[in-house]
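Q:
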Amino acid sequence: MTPSILKALLLKELHHHGFAFVGTAVLLAALQATALTFTLTSEVDTLLSASTGFSYYAMPFAIAYVVRRLVVIEHEDHTHDFLAALPATALARVSVKFAVSLVFTWSATLLSLGFVAALVVRQEIIGLGWLMQVTWQVCAYTFAWLGLSFGAAHLGRYRFSFWLCLMPLVFTLDLLWPDVWSWGLWHAVLAESVDVTRYLPPVDRLAVSMAWGTVGTAVGFALGTFRSGSVADAWYRPMTSREKAMLIVGVVGVWMALDIVDSVVVPGDPSYSGVEAVDVESVVVRVAANRDSDLWKTGEDLAESLAGFGETLGLQGWPTVVLVSNPQRPQDAVTLRSNAHDELVLEVDADARRAVILRDCFEAAIGERTHWFPWWRSGRLWIATGAPLWWLGPDPERPESFALRAGYAVSMGITAEDLADGHALRYRFGPDVAAGIGWAGLQTVEDLAGRDAAEALVARALEDRPSDTLLGSIRADLRSGDRMLRKATGLEPEAFRRAWYDTLRRHHEAHRETLEALMPGWGTLQRTEGLESDVVLAWTWPGPLPSEAQVEWIQLDPLQQLPVLGQPYEDREIFSHEGRIPTRVDPRARVATSFRVEVDALDGILYSGFQVDP
Amino acid sequence: MTAPLSIPIFVMDMRSPNGSRSLEPEFPLQTFGLRRSFGWRVVIEQLDLKVPAGQVYGFLGRNGAGKTTAIRMLLGILRPDAGTLCWNGQEVAQTTAALKAKVGYVSQQQHFYEWMRVERLGRFVRGFYPTWDHSEFHRLLTALHIEPRQRVGELSGGTKMKLAMTLALAHRPRILVLDEPTAGVDPIARREILDLLRAQVDDEGRTVFFSTHHISEVEEIGDHIGVLHAGRLHYQGPVDGFAEPGKLEEAFVAIAREDR
């Protein structure tokens, strides 16, 4: 492998493909710019994440094009014969082709990333550390695709069969072993938004992507140099009819086998079909515990409550609820583990009070019916969130808890107009107080129009299920909260909301002293200069620190006005101590913070709502 | 119809009396027991070539006899399943890139990069040969009436073959290996090519090894002949030892029929 030979091969590749590759890079940049203009209208994605998202979808095609030009066309045009006759080793030929493809791939990737970063650095906080992290993520991702494409290109006429088998195979493996394979795929390093992986660098997935790329590259080199590359060249000869037929049969056979595996395997969590069940009417609650346990009794209570609720309101089609004990003292009494295949698996804190567990499970079961509610129809959300409390009533040990939740909203300055938007209520007060407000709303309906009217309203709100048809979806979507209220109760929405607000005020008046003592005030955040350019966040509590007080914070990008409630931000952290948050943030970053305190009297959690600084 | 001639099968014994290889310097190219198969089909079996220096060696065989496979093995494009090669006394299992750089090779079909101009193709190939003589390249282009600025894709089949010979000769190799250099070219180009080959031996003292299925070409310019049939070498030696002048074709046909 003399320098002059490498130079000759390199110059030839540049003359041959340089124009096409530069054109491809320009096309990628143009598409990138188009994608950015779309992203500008988005409130959630950052521009840098849009850029990497673009790379995620576009680069595999660009890489396939590059590898096709460098390897495939050389064989198809038989110019490989000419190259092979020259006094250069097969290793030199393959090395130059791989080097050119790698340089193009990474150059196009880095140029695109650098272009976007330079463009948006005035609008977004893009620290050097983050940019470096995104760079290695994108480079590892493209290397994995390049390695696979390069290896597959040396399979000659079998390369399409390889891709046709590989894709469904990895998805089946992902289904079979989600924990292993969800991070075992070559594209996992960039599969999530870089906004999400920003504070949780996917280092483990980096190694996986590099491994896929390395194996693919090694296969490419092995085939390209084996017997001086004559085997790979021979594989580019056209297939015989017999071979074509056998290959089609083989690929279809693999698909069918994988399809059978896919249909048999229950993905993800283990199946609970063997767990003993409590059956009440049409409600099935499986309990992974013996019949003498508290969990079993809770399961019985839940089944009876759901069956009674369903029978009274005429609601059918409940998911099978599976209760699994979690001995590791989770933060919440009930945690949703999975909700696939019409099976709602709930992890239960074995030490929590039964009334709390029952209420939370009941809420989860109803939540399953309503989680698909379109957000723009938030006028009916209060009915769904208030219904479990309204139906079950407060825990006898904490009889005032719901009234305190409702009254708390008044002490935080809620108005009658605020009651029209259920999502805003949840965002502002958190799910527990929002449920208390909903409870008060249904109480108001009951007071004004009677119990039957309240039941009819709840039934109407919960009977909607996701429709398979467009018309069904539109019909369900048109049924707003106000329309439901009129139809089910005959109440006028504006008048009802004033009455509802009065109910809240009555609860507030009745528990004024308790509520005033409950919350001395929220903590504050202070920005102080760090050692470098970072800023350290610190928070203090004005009064005695409640032992359950916690602060959570999210570093926002400037385009993001507020965090999305319920979105799993990776950079959200919860601390239950006073003092400095042991994580530094960018000095230009906007930080959203909220405080939460678990209050026994309310039998729930109080939220401060998000405050954004600056 | 003439009766088939009785042809003596003349295969040289490549071993010295004590069993070791006889690597004779007057034979710049030798092979020992080369074998190559594709799947179950054996294409070359026990090929023992001995190409004498400073002569034209005609490698004669019918289409499909295995000539191209043998030549691709000589040039290291294909790896032999068994056997060894000997270039200028250096015995190897496969022809390396360094050895290839000392050989001028013209393949049967020319798969040049069609987008290149002749001049650029010359500059590209120059990088592979330390002994490349660019003025010789241009001299040969002129002699063979090839326009340097023309695109390769625009050249006729005969001109492409002449271009291939130009590329093979421009680095001044001591030995030339050509795979059916006159296949598919017009009579004028064929004449030019044959004259050029003869001149390489007579004027430059080079060794020429070329394959063909035209007996007349061997008769015309060949000093030595190797007759390959069904992957086996049936005769190797001086042309006049194979058959009397004018009876080469009969002898060749007799070999083909005898083996049928």
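Read top to bottom, the protein sequences are chains A and B. Here the first sequence is numbered in the numbering used here, starting from 1 and rising by one per residue. Here the second sequence is numbered in the numbering used here, starting from 1001 and rising by one per residue. Cβ coordinates follow ideal geometry from the N, Cα and C atoms, glycine included.
Give me the Cα-Cα distance between S101 (chain A) and V138 (chain A), rounded to the nearest whole angstrom.
A: The residue labelled residue 101 (chain A) in the question sits at position 101 within the first sequence. The residue labelled residue 138 (chain A) in the question sits at position 138 within the first sequence. If I take the Cα positions, the gap works out to 16 Å.
Q: Okay, do the region 1203–1221 of chain B and the region 1055–1064 of chain B touch, 3+ Cβ pairs below 8 Å being the bar?
A: yes
Q: Following the continuous alpha helix (DSSP H) through W296 (chain A), name the residue where it begins and the one where it ends.
A: Counted from its first residue, the first sequence places residue 296 (chain A) at position 296. Segment D294 to L313, the alpha helix (DSSP H) holding W296 (chain A).
Q: Return no unless some Cβ of chain B is closer than 8 Å to the Cβ of F82 (chain A).
A: Residue 82 (chain A) sits at position 82 when you count from the first residue of the first sequence. At least one chain B Cβ lies under 8 Å of F82 (chain A).
Q: Considering only residues of the region 422–461 of chain A, which uninterrupted alpha helix (DSSP H) runs meet the minimum length of 4 residues and lie entirely inside it, listed in chain order?
A: 422–449
Q: Rounded to the nearest angstrom, how far is the Cβ of S149 (chain A) from that of S112 (chain A), given a contact under 8 Å?
A: The residue you call residue 149 (chain A) lines up with position 149 of the first sequence. The residue you call residue 112 (chain A) lines up with position 112 of the first sequence. Contact flag wrong, Cβ pair sits at about 18 Å.
Q: Let's see if you can read the secondary structure: which residues bound the beta strand (DSSP E) around I1175 (chain B)?
A: As a working mapping, residue 1175 (chain B) is identified with position 175 in the second sequence. Start and end: I1175 to D1179.
Q: Mind checking L206 (chain A): buried by the 16 CB within 10 Å criterion, or exposed?
A: Along the first sequence, one-based indexing puts residue 206 (chain A) at 206. Answer is buried; the Cβ neighbour count reaches 16.
Q: Answer yes or no: do I1193 (chain B) and M1161 (chain B) have a C-beta to C-beta separation smaller than 8 Å?
A: The sequence position of residue 1193 (chain B) within the second sequence is 193, counting from 1. The sequence position of residue 1161 (chain B) within the second sequence is 161, counting from 1. For I1193 (chain B) and M1161 (chain B), yes; Cβs fall inside 8 Å.
Q: Could you tell me which residues DSSP pairs with T1031 (chain B) in its beta bridges?
A: Residue 1031 (chain B) sits at position 31 when you count from the first residue of the second sequence. Answer by DSSP bridge pairing, in chain order: B:L1085.
Q: Taking Cβ-Cβ distances below 7 Å as the criterion, which residues of the region 1071–1088 of chain B are in contact with chain A?
A: L1075, G1076, I1077, L1078 and R1079
Q: Mind checking if H1134 (chain B) is an interface residue toward chain A, Cβ cutoff 8 Å exclusive?
A: Locating residue 1134 (chain B) in the second sequence gives position 134, counting from the first residue. H1134 (chain B) does not count as touching chain A.
Q: Using the Cβ count rule (16 or more neighbours within 10 Å means buried), how would you classify S241 (chain A)?
A: Working through the first sequence from its first residue, we reach residue 241 (chain A) at position 241. Its Cβ having fewer than 16 others within 10 Å, S241 (chain A) is exposed.
Q: Whole angstroms are fine: how far does the CA of I1255 (chain B) sit from the CA of A1243 (chain B)?
A: As a working mapping, residue 1243 (chain B) is identified with position 243 in the second sequence. As a working mapping, residue 1255 (chain B) is identified with position 255 in the second sequence. If you take the alpha carbons of A1243 (chain B) and I1255 (chain B), they lie about 12 Å apart.
Q: Assuming L1176 (chain B) contacts Q1150 (chain B) under a Cβ cut-off of 8 Å, what Cβ separation, rounded to an integer in Å, is found between them?
A: Numbered from 1 along the second sequence, position 176 holds the residue referred to as residue 1176 (chain B). Numbered from 1 along the second sequence, position 150 holds the residue referred to as residue 1150 (chain B). L1176 (chain B) to Q1150 (chain B), Cβ: 24 Å. No contact.
Q: List the residues of chain A that V989 (chain B) touches, going by C-beta distances under 9 Å, in chain order.
A: Beyond the ends of chain B as shown, which are 1001 and 1260, falls residue 989 (chain B); an answer cannot be given.
Q: Sort B:E1220, B:A1230 and B:V1152 by Cα distance to P1245 (chain B) and report the nearest one.
A: Within the second sequence, residue 1245 (chain B) is the residue found at index 245, counting from 1. Check the Cα spacing between P1245 (chain B) and each of B:E1220, B:A1230 and B:V1152: the tightest is with B:E1220.
Q: Taking Cβ to Cβ, would you say T503 (chain A) is nearer than 8 Å to L457 (chain A)?
A: Position 503 of the first sequence, counted from the first residue, corresponds to residue 503 (chain A). Position 457 of the first sequence, counted from the first residue, corresponds to residue 457 (chain A). The answer is no: Cβ separation not under 8 Å.
Q: By the 10 Å Cβ neighbour count, where 16 or more other Cβ atoms means buried, how is D1179 (chain B) classified, buried or exposed?
A: For the purposes of this step, residue 1179 (chain B) is identified with residue 179 of the second sequence, where counting begins at 1. The residue in question, D1179 (chain B), is buried, as its Cβ has 16 or more Cβ neighbours within 10 Å.
Q: Which complete alpha helix (DSSP H) runs does the region 357–407 of chain A hold, if anything under 4 residues is left out?
A: Within the region 357–407 of chain A, the complete alpha helix (DSSP H) segments of 4 residues or longer fall at 381–392, listed in chain order.
Q: Considering only their Cβ atoms, is the gap separating V1152 (chain B) from V1125 (chain B) smaller than 8 Å?
A: If you number the second sequence from 1, residue 1125 (chain B) lands on position 125. If you number the second sequence from 1, residue 1152 (chain B) lands on position 152. Cβ distance not < 8 Å, so V1125 (chain B) and V1152 (chain B) don't count as in contact.
Q: Excluding the five sequence neighbours on either side, which residues of its own chain have a C-beta within less than 6 Å of the C-beta of V1106 (chain B), listed in chain order?
A: In the second sequence, residue 1106 (chain B) corresponds to position 106, counting from 1. Take V1106 (chain B), set aside five residues on each side of it, and the residues of its chain with a beta-carbon closer than 6 Å to its own are A1164, M1165, A1168, L1178 and P1181, in chain order.
Q: Verify whether the separation of the beta carbon atoms of I605 (chain A) and L462 (chain A) is less than 8 Å.
A: Taking the first sequence and counting its residues from 1, the one referred to as residue 605 (chain A) is at position 605. Taking the first sequence and counting its residues from 1, the one referred to as residue 462 (chain A) is at position 462. Taking 8 Å as the Cβ cut-off, I605 (chain A) and L462 (chain A) do not qualify as a contacting pair.
Q: What do you reckon, are the CB atoms on K1100 (chain B) and R1174 (chain B) nearer than 8 Å?
A: For the purposes of this step, residue 1100 (chain B) is taken as residue 100 along the second sequence, with counting starting at 1. For the purposes of this step, residue 1174 (chain B) is taken as residue 174 along the second sequence, with counting starting at 1. The Cβ atoms of K1100 (chain B) and R1174 (chain B) do not sit closer than 8 Å to each other.
Q: Taking 8 Å as the CB-CB limit, is L70 (chain A) close to chain B?
A: The sequence position of residue 70 (chain A) within the first sequence is 70, counting from 1. Output row for L70 (chain A): interface = no.
Q: Classify G386 (chain A) as buried or exposed, calling it buried when 16 or more other Cβ atoms lie within 10 Å of its own Cβ.
A: Position 386 of the first sequence, counted from the start, is the residue given in the question as residue 386 (chain A). Counting Cβ neighbours within 10 Å, G386 (chain A) comes out buried, since at least 16 surround it.
Q: Is the Cβ-Cβ distance between A88 (chain A) and F1128 (chain B) less than 8 Å?
A: Against the first sequence, residue 88 (chain A) aligns to sequence position 88. Against the second sequence, residue 1128 (chain B) aligns to sequence position 128. Yes, Cβ-Cβ distance for A88 (chain A) and F1128 (chain B) is below 8 Å.
Q: Whose C-beta lies closer than 7 Å to the C-beta of V96 (chain A) among residues of the same chain, with five residues either side of it excluded?
A: To locate residue 96 (chain A), count along the first sequence from 1; it is residue 96. Answer for V96 (chain A): L6, L9, L10 and E13, listed in chain order.
Q: Measure the C-alpha to C-alpha separation of T1084 (chain B) and K1050 (chain B) and round it to an integer number of angstroms.
A: For the purposes of this step, residue 1084 (chain B) is taken as residue 84 along the second sequence, with counting starting at 1. For the purposes of this step, residue 1050 (chain B) is taken as residue 50 along the second sequence, with counting starting at 1. The straight-line gap from Cα to Cα measures roughly 12 Å.
Q: Could you compute how far the alpha carbon of L602 (chain A) sits from the alpha carbon of S480 (chain A)?
A: Translated into the one-based positions of the first sequence, residue 602 (chain A) becomes position 602. Translated into the one-based positions of the first sequence, residue 480 (chain A) becomes position 480. Those two C-alpha atoms are separated by around 30 Å.
Q: Measure the C-alpha to C-alpha separation of A454 (chain A) and Y501 (chain A) and round it to an integer number of angstroms.
A: Walking along the first sequence from the start, residue 454 (chain A) turns up at place 454. Walking along the first sequence from the start, residue 501 (chain A) turns up at place 501. So the two alpha carbons sit approximately 17 Å from each other.
Q: Spatial neighbours of E74 (chain A) within its chain, please: CB distance less than 6 Å, with the 5 preceding and 5 following residues excluded, ordered by chain position.
A: As a working note, residue 74 (chain A) is residue 74 in the first sequence. Cβ neighbours of E74 (chain A) beyond the five flanking positions: H80.
Q: Could you check the C-alpha separation between G616 (chain A) and A434 (chain A) for me, to the nearest Å?
A: Past the edges of chain A, shown from 1 to 614, lies residue 616 (chain A), and the structure says nothing about it.
Q: Measuring only between beta-carbons, confirm whether K1100 (chain B) sits less than 8 Å from chain A.
A: Your numbering for residue 1100 (chain B) matches position 100 in the second sequence. So, interface residue.
Q: Is there a Cβ of chain B sitting closer than 8 Å to that of P168 (chain A), yes or no?
A: Here residue 168 (chain A) corresponds to residue number 168 of the first sequence, with the count starting at 1. So no, P168 (chain A) is outside the interface.
Q: Does any residue of chain A bring its CB to less than 8 Å from the CB of S1156 (chain B)?
A: As a working mapping, residue 1156 (chain B) is identified with position 156 in the second sequence. Chain A, which has no Cβ nearer than 8 Å to the Cβ of S1156 (chain B), makes this no.
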